[in-house]
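Visitor: What follows is a single structure, and I will ask about it in a moment.
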Amino acid sequence: MRDMPYIAAINEAVYLEMARDEDVLLIGQTVTEEHNEAFERDFGPNRVRVTPISETAEIGVAAGAAIAGKRPVVDCTMAEFLLVAMEQVVNEGNRFHYMSGGQVKVPMVLKAGYGFTAGWAGQHTGSIYGLFMGVPGLKVALPSTPADAKGLMATAIRDDNPVLFLHHFLLLLETGPVPEGEHLVPFGVADVKRPGSDVTLVATGWTVHRALAAAGRLAADGIDVEVIDPRTIAPLDIETILASVAKTGRLVLVDQATRHASVATVIAGEVAEHGFSSLRAPIVQVTAMDTTIAYSKTMESFVLPDEEKIVAAVHEVVGARTGVA
């Protein structure tokens, strides 16, 4: 183990997979910039390809290369750019395996950043993963730590069909312990970041760190919070969440996406259907509001979930039964 930034952990995973498998390619508009110089130097222009400023072109090229037996990683830069090539993301590459009766594989990774809520106003600040989590044939990874970022990227590259790998812009320079050498994190296996017995707190991406900070504060109030990070939202590990709710009886969901396009809403529905008898209090969702992110820092903070809102939500579900304020 050694500490390294989140973005460096992602790049290490891509580099190691390219060294391991000559079919792995790196494609994108900025893949030969200075911070990526090791890729072009060590793997050459045939495997590290700069594309035109056209998401439709770069994802189309990747889909074709994947069908032909390569394993392209496409650096799409920002999640919103995927919307330009939505046909290829949700209606082509993701369906070939099913439509061919399993004969065709499309092993490509679409890597993109999201959630740049740092004064960027209406564009590039979205958390739009909810658009993709129900798309058949498409897996979606949302790592919150450098170790998970490395492990999920390696797993994504080895997957035989499309994976959307979304990294949070505000986490890129955050450091943490990362295993050396090969490291794989399985899809569909949530991580219990902090065990607890009073309240289940499920958070994704950047909000995992807000949830852990809130749990630390709540411990001082005598409230023991269990924090769960799904790590992938497609597949989604509902079983781990249900087991936790069966233990705690209370559920708070934290998600940077807007309330009615969030992972939180999907999890709430699953728990309401499959774990209702375990609940001692109503489920509470702490999400972004259904509005565009404002340029004003004050308005941006008002719209987004934060530590204070999480603490208040946990007190709400605990107080629903015990009367604690």
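At position 22 of the sequence shown the residue is numbered 21 (numbering that gives the first Met the number 0), and the sequence of numbers has no breaks. We put the beta carbon where it would ideally sit given N, CA and C, even for glycine. Every value quoted in this text rests on a predicted model; they were computed, and no experiment measured them.
What are the boundary residues of the alpha helix (DSSP H) that includes Val13?
Guide: Looking up residue 13 in the sequence shown gives position 14. Val13 -> alpha helix (DSSP H) spans 5-19.
Visitor: Just verifying my parser: in three-state terms, what is the DSSP assignment at Phe131?
Guide: Position 132 of the sequence shown, counted from the first residue, corresponds to residue 131. Note: Phe131 maps to coil in three-state DSSP.
Visitor: For Leu235, does the three-state DSSP call read helix, strand or coil?
Guide: Residue numbering aside, residue 235 sits at position 236 when the sequence shown is read from its first letter. Strand at Leu235.
Visitor: Assess, as a yes-or-no matter, whether the region 15-26 is touched by the region 69-76 under the definition of 3 or more beta carbon pairs within less than 8 Å.
Guide: yes
Visitor: State the Cα-Cα distance for the pair Ser126 and Arg1, rounded to the nearest angstrom.
Guide: Sequence index remark: in the sequence shown, residue 126 carries index 127 (1-based). Sequence index remark: in the sequence shown, residue 1 carries index 2 (1-based). Each residue's Cα considered, the two are about 30 Å apart.
Visitor: Please classify Leu82: does DSSP put it in a helix, a strand, or coil?
Guide: Position 83 of the sequence shown, counted from the first residue, corresponds to residue 82. Of the three classes helix, strand and coil, the one that applies to Leu82 here is helix, per DSSP.
Visitor: Which first and last residues belong to the beta strand (DSSP E) in which Ile227 is found?
Guide: As a first step, residue 227 must be located in the sequence shown, where it is residue number 228. Unbroken beta strand (DSSP E) run through Ile227: 224-228.
Visitor: Might you give, ordered along the chain, the residues of its own chain that have their beta carbon closer than 8 Å to the beta carbon of Val30, omitting 5 neighbours on each side?
Guide: Translated into positions along the sequence shown, residue 30 becomes position 31. Excluding positions up to five away in sequence, the list reads Phe38, Glu39, Val47, Arg48, Val49, Asp74.
Visitor: Could you check the C-alpha separation between Thr55 and Thr76 for me, to the nearest Å?
Guide: Here residue 55 is taken as the residue at index 56 of the sequence shown, counted from 1. Here residue 76 is taken as the residue at index 77 of the sequence shown, counted from 1. Cα-Cα distance, rounded: 13 Å.
Visitor: Suppose contacts are defined by Cβ-Cβ distances below 8 Å. Is Ile227 in contact with Ala287 by that definition?
Guide: Stepping through the sequence shown from its first residue, residue 227 is reached at position 228. Stepping through the sequence shown from its first residue, residue 287 is reached at position 288. For Ile227 and Ala287, no; Cβs fall outside 8 Å.
Visitor: Tell me whether Val105 sits in a helix, a strand or coil according to DSSP, three-state version.
Guide: Position 106 of the sequence shown holds residue 105. Looking at Val105 - three-state DSSP - the assignment turns out to be coil, as it is neither helix nor strand.
Visitor: Out of curiosity, what's the CA-to-CA distance linking Thr321 and Thr297?
Guide: By one-based count along the sequence shown, residue 321 stands at place 322. By one-based count along the sequence shown, residue 297 stands at place 298. At Thr321, the pLDDT of 44 sits below 50, so the modelled position is not reliable; the number obtained from the coordinates is stated separately. Taking the straight line from one Cα to the other gives about 34 Å.
Visitor: According to DSSP, is Phe115 part of a helix, a strand, or is it coil?
Guide: Walking along the sequence shown from the start, residue 115 turns up at place 116. The answer is coil: DSSP assigns Phe115 none of H, G, I, E or B.
Visitor: In whole angstroms, give me the CA-to-CA distance for Ala312 and Phe301.
Guide: Your numbering for residue 312 matches position 313 in the sequence shown. Your numbering for residue 301 matches position 302 in the sequence shown. Approximately 15 Å between the Cα atoms of the pair.
Visitor: Here's a check: name, in chain order, each residue in its chain whose Cβ is nearer than 6 Å to the Cβ of Phe115, leaving out the five neighbours to either side.
Guide: Stepping through the sequence shown from its first residue, residue 115 is reached at position 116. Cβ neighbours of Phe115 beyond the five flanking positions: His123, Thr124, Phe168.
Visitor: Helix, strand or coil for Ile26? Go by DSSP, reduced to three states.
Guide: Position 27 of the sequence shown, counted from the start, is the residue given in the question as residue 26. Note: Ile26 maps to strand in three-state DSSP.
Visitor: Which ranges does the alpha helix (DSSP H) cover as unbroken runs of at least 4 residues, wholly within the region 262-299, from first to last along the chain?
Guide: Here the runs fully enclosed are 262-273.
Visitor: Return the first residue and the last residue of the beta strand (DSSP E) that Asp41 is part of.
Guide: In the sequence shown, residue 41 corresponds to position 42, counting from 1. Careful: Asp41 lies outside any beta strand (DSSP E), inside the alpha helix (DSSP H) at 36-42.
Visitor: Tell me the rounded alpha-carbon separation between Ala293 and Gly121.
Guide: Here residue 293 refers to the residue found at position 294 when the sequence shown is read from its first residue. Here residue 121 refers to the residue found at position 122 when the sequence shown is read from its first residue. Taking the straight line from one Cα to the other gives about 6 Å.
Visitor: Excluding the 5 residues flanking Val184 on each side, which residues of the same chain have their C-beta closer than 7 Å to its C-beta?
Guide: Along the sequence shown, one-based indexing puts residue 184 at 185. Same-chain partners within the cutoff: Asp147, Gly150, Leu151, Thr154, Arg230.
Visitor: Helix, strand or coil for Pro304 per DSSP?
Guide: Start at 1 with the first residue of the sequence shown, and residue 304 comes out as number 305. Residue state, collapsed to three classes: coil.
Visitor: Given Arg19, which residues of its chain have a CB within under 6 Å of its CB, disregarding the five upstream and five downstream residues?
Guide: Taking the first residue of the sequence shown as position 1, residue 19 is located at position 20. Correct list: empty, nothing qualifies.
Visitor: Measure from the alpha carbon of Ala12 to the alpha carbon of each residue in Glu179, Leu130, Pro194, Val265, then state which is nearest.
Guide: Taking the first residue of the sequence shown as position 1, residue 12 is located at position 13. Closest option to Ala12, Cα to Cα, is Glu179.
Visitor: Counting pairs of Cβ atoms below 8 Å between the region 193-202 and the region 244-262, do you hit three or more?
Guide: Proximity of the region 193-202 to the region 244-262 meets the contact definition, three or more beta-carbon pairs being nearer than 8 Å.
Visitor: Can you look up Val244 in the DSSP assignment and give me helix, strand or coil?
Guide: Residue mapping note: residue 244 aligns to position 245 of the sequence shown, counting from 1. Helix, per DSSP.
Visitor: Less than 8 Å between the beta carbons of Ile309 and Val251, yes or no?
Guide: For the purposes of this step, residue 309 is identified with residue 310 of the sequence shown, where counting begins at 1. For the purposes of this step, residue 251 is identified with residue 252 of the sequence shown, where counting begins at 1. The Cβ atoms of Ile309 and Val251 lie closer than 8 Å to each other.
Visitor: Could you tell me how far apart the beta carbons of Lys110 and Ala233 are, in whole angstroms, since I believe they sit closer than 8 Å?
Guide: Position 111 of the sequence shown holds residue 110. Position 234 of the sequence shown holds residue 233. Approximately 16 Å separates the beta-carbon atoms of Lys110 and Ala233; this is outside 8 Å, ruling out the contact.
Visitor: Which residues share a DSSP beta bridge with Gly175?
Guide: Stepping through the sequence shown from its first residue, residue 175 is reached at position 176. DSSP, once it has assigned bridges, lists Met3 as partnering Gly175.
Visitor: Tell me the rounded alpha-carbon separation between Ala61 and Asp289.
Guide: In the sequence shown, the residue the question calls residue 61 occupies position 62. In the sequence shown, the residue the question calls residue 289 occupies position 290. Rounded to the nearest whole angstrom, the CA to CA distance from Ala61 to Asp289 is 34 Å.
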